[in-house]
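Enquirer: With full-length UniProt numbering, the residue at position 384 of the sequence shown is 384, and numbering never jumps.
Cβ coordinates follow ideal geometry from the N, Cα and C atoms, glycine included.
All values reported here derive from a predicted model rather than from experimental measurement.
Just passing along the structure, written as structure tokens.
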Amino acid sequence: MSSPGVISLTLETAVLFALRAAIFLSARRYLLRSLYHDLQGLSAETEPLNPVAQDDVELDTLPTPSTAGLAPKEHALVPRKRALHSTISRAIFALCFSESLTLFILLMCQALDVFHSRTRLLNWQISLCTLLASIVLFIPFSYSLVLSYRSASGLYAVPIGVFLFLLSFIPVPAGAASHGIVATVLARLTAAGTVILGALSGFGAIDNACRYLPWFSRKGKAPSGEDILVAEEGLSRVRNDLIERRHSIERMQSEQPKADASWFSKVTSSLSGSSDISSATQELAGLEALEYHMARNLEALKEQQRKAEYSQTVSGRLINWGGCFFAMYCVYRIIVAIFNLVLPRRPRASPSDTGRRTTDVITVCLAYLLSLIPAVHVDADGIAMLARQISLALVGVIILSSIRMVLRGVARALRVTSRNLGASLMLLMLAQLMGIYLLTTLIQLRTSFPPPPSHPDTEADVGVVNLFSTLPEHQVFGALFDSSLLIMAGVSAVVRWFSHRINSVGIVDS
Numbered sequence: 001m002s003s004p005g006v007i008s009l010t011l012e013t014a015v016l017f018a019l020r021a022a023i024f025l026s027a028r029r030y031l032l033r034s035l036y037h038d039l040q041g042l043s044a045e046t047e048p049l050n051p052v053a054q055d056d057v058e059l060d061t062l063p064t065p066s067t068a069g070l071a072p073k074e075h076a077l078v079p080r081k082r083a084l085h086s087t088i089s090r091a092i093f094a095l096c097f098s099e100s101l102t103l104f105i106l107l108m109c110q111a112l113d114v115f116h117s118r119t120r121l122l123n124w125q126i127s128l129c130t131l132l133a134s135i136v137l138f139i140p141f142s143y144s145l146v147l148s149y150r151s152a153s154g155l156y157a158v159p160i161g162v163f164l165f166l167l168s169f170i171p172v173p174a175g176a177a178s179h180g181i182v183a184t185v186l187a188r189l190t191a192a193g194t195v196i197l198g199a200l201s202g203f204g205a206i207d208n209a210c211r212y213l214p215w216f217s218r219k220g221k222a223p224s225g226e227d228i229l230v231a232e233e234g235l236s237r238v239r240n241d242l243i244e245r246r247h248s249i250e251r252m253q254s255e256q257p258k259a260d261a262s263w264f265s266k267v268t269s270s271l272s273g274s275s276d277i278s279s280a281t282q283e284l285a286g287l288e289a290l291e292y293h294m295a296r297n298l299e300a301l302k303e304q305q306r307k308a309e310y311s312q313t314v315s316g317r318l319i320n321w322g323g324c325f326f327a328m329y330c331v332y333r334i335i336v337a338i339f340n341l342v343l344p345r346r347p348r349a350s351p352s353d354t355g356r357r358t359t360d361v362i363t364v365c366l367a368y369l370l371s372l373i374p375a376v377h378v379d380a381d382g383i384a385m386l387a388r389q390i391s392l393a394l395v396g397v398i399i400l401s402s403i404r405m406v407l408r409g410v411a412r413a414l415r416v417t418s419r420n421l422g423a424s425l426m427l428l429m430l431a432q433l434m435g436i437y438l439l440t441t442l443i444q445l446r447t448s449f450p451p452p453p454s455h456p457d458t459e460a461d462v463g464v465v466n467l468f469s470t471l472p473e474h475q476v477f478g479a480l481f482d483s484s485l486l487i488m489a490g491v492s493a494v495v496r497w498f499s500h501r502i503n504s505v506g507i508v509d510s
């Protein structure tokens, strides 16, 4: 392939930018429509059952009144204004999704020899820099906008400064490329992302093992209808007591001395009334905490009953069997991580050896079974590469299984009481995790993708640049991933053991 002209390079880049725009708009129009709604429902699970009054009250769309103004058609055509934090989170998620997908498309173009090498390298660097800027700068800045929504705080740049300050302390791995600021940021971000993904994998492995394997789960028999009825009656009594206490506090506050009362009556009544109101308020706070805990226990009982009823169906049995096999793989993955740390791998002799030594037995067996399908033609080296890709896919499934609880826990820890604010925060976290997971996956796929085809007619100063050469090697981050996986798995197991000892109902597992 000869050197491209400026016109052809511009046209190819314009085609790729049009593809980016199409992916961006499709993600905003179709993908986010269901994803944002699901995150709103997940955020609603973190809201308190009796929230205090907030200044920002969310209302559904109200019907147009019959006594509208002079131009009712114009008012009916005015769309509902979307909050700023929702617009920003949607745009950033769509941007990260489009650039991530563009990176994979460019790798496919390299394998199929589509577009010129310079076009692929230019657009690869554009997408890589945009994704890095989104993870390091745009998303931390958006965290400030979401968490300080409708407040007078001007500390928007604090999360960016903290993120960059902490990122600067991460040492650049010795085997990673460290030429240029982009390569340095990529190596440090990949090291941090490897720790995060390893922690999510360890958390998800323990969660799946405790959920599907009977040896690890401490679940008793499913709650009966009588158990739920008793819990509902107890919760109803506590809520009735709450209503009576609130009425009594309002009555005591209304009996406080008015402005035209004498000075002596104000002093005597305030001394006696303030102590009564203070004690009643403390009792009310205790009842609210009890009501919140009982309501969570009731929801956990109902959820356990629904799961028990669903597990008796055909689809429920299939899901339980599949979950059981996947949970056994999670336990096996933890054992493999222990062996990798105790018996570290020797340095590879050639790039072709990587697939054979970095995959486990289960994924190799799955790849061999897939190779037996008549439509799939895979040789011995292809089985090793396919096994590595299956291993990455299974790790991705483990991470996805733990993201839901992580997002819900973060929203609860930050005390986000608005469904839209919680959904925007979760969407930003998903965008950041998606970008980090993609970069880490690309690094691990360096030996799984074929190199770019060579052309004898290529000029010496042009050269065909392998896009993977701009990424650090996976061998540097293997032990880091296994270490974070084991640490988080141990911490998660200890926390679950204590939660089962303290709580009678497994709220953490719901």
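According to DSSP, is G204 helix, strand or coil?
Expert: helix
Enquirer: Measuring only the C-alpha atoms, how far is A489 from A199?
Expert: C-alpha separation (whole angstroms): 7 Å.
Enquirer: T190 and L439: beta carbons closer than 7 Å?
Expert: yes
Enquirer: In chain order, what residues of the same chain lie with their CB nearer than 8 Å to the CB of S26, ignoring the 5 residues before and after it?
Expert: Correct list: empty, nothing qualifies.
Enquirer: Is the separation between the beta-carbon of S134 and that of L95 shorter than 7 Å?
Expert: yes
Enquirer: Roughly how many angstroms lie between the CA atoms of G225 and G316, to the nearest whole one?
Expert: 20 Å
Enquirer: Helix, strand or coil: which one does DSSP assign to D113?
Expert: coil
Enquirer: According to DSSP, is W497 helix, strand or coil?
Expert: helix
Enquirer: Between R120 and S100, what straight-line distance do the alpha-carbon atoms span, to the nearest angstrom?
Expert: Going from the Cα of R120 to the Cα of S100 covers about 14 Å.
Enquirer: With distance defined between alpha-carbon atoms, name the residue in F115, Q125, A21 and S117 nearest to T470.
Expert: Q125
Enquirer: Is DSSP giving Q253 helix, strand or coil here?
Expert: helix
Enquirer: Could you spell out the range, first to last residue, of the alpha helix (DSSP H) harbouring G322?
Expert: V314 to V342
Enquirer: Is it buried or exposed, A22, if we count other Cβ atoms within 10 angstroms and call 16 or more buried?
Expert: Taking a 10 Å sphere around the C-beta of A22, we find fewer than 16 other C-beta atoms and assign the residue as exposed.
Enquirer: In terms of residues, what are the limits of the alpha helix (DSSP H) holding F24?
Expert: From DSSP, the alpha helix (DSSP H) with F24 extends over V6 to S26.
Enquirer: Which word fits A231, buried or exposed, when buried means at least 16 other C-beta atoms lie within 10 angstroms of its C-beta?
Expert: buried
Enquirer: Measuring CA to CA, which of V15, L19, A91 and G5 is closest to L32?
Expert: A91
Enquirer: Can you tell me which of T441, S483 and G435 puts its alpha carbon nearest to the alpha carbon of I132?
Expert: Correcting the residue type first, residue 132 is Leu in the shown sequence and not Ile. L132 has its Cα closest to that of G435, out of T441, S483 and G435.
Enquirer: Within a Cβ cutoff of 7 Å, which residues of the same chain sit near R188, ignoring the five residues on either side of it in sequence?
Expert: L167, I170 and V172
Enquirer: Would F138 and I160 be called neighbours here (beta carbons separated by less than 7 Å)?
Expert: Cβ atoms of F138 and I160: not closer than 7 Å.
Enquirer: I'd like the span of the alpha helix (DSSP H) that includes V146, first residue to last.
Expert: I139 to L147
Enquirer: If you draw a straight line from the C-alpha of G234 to the C-alpha of A289, how long is it?
Expert: Computed Cα separation, rounded: 14 Å.
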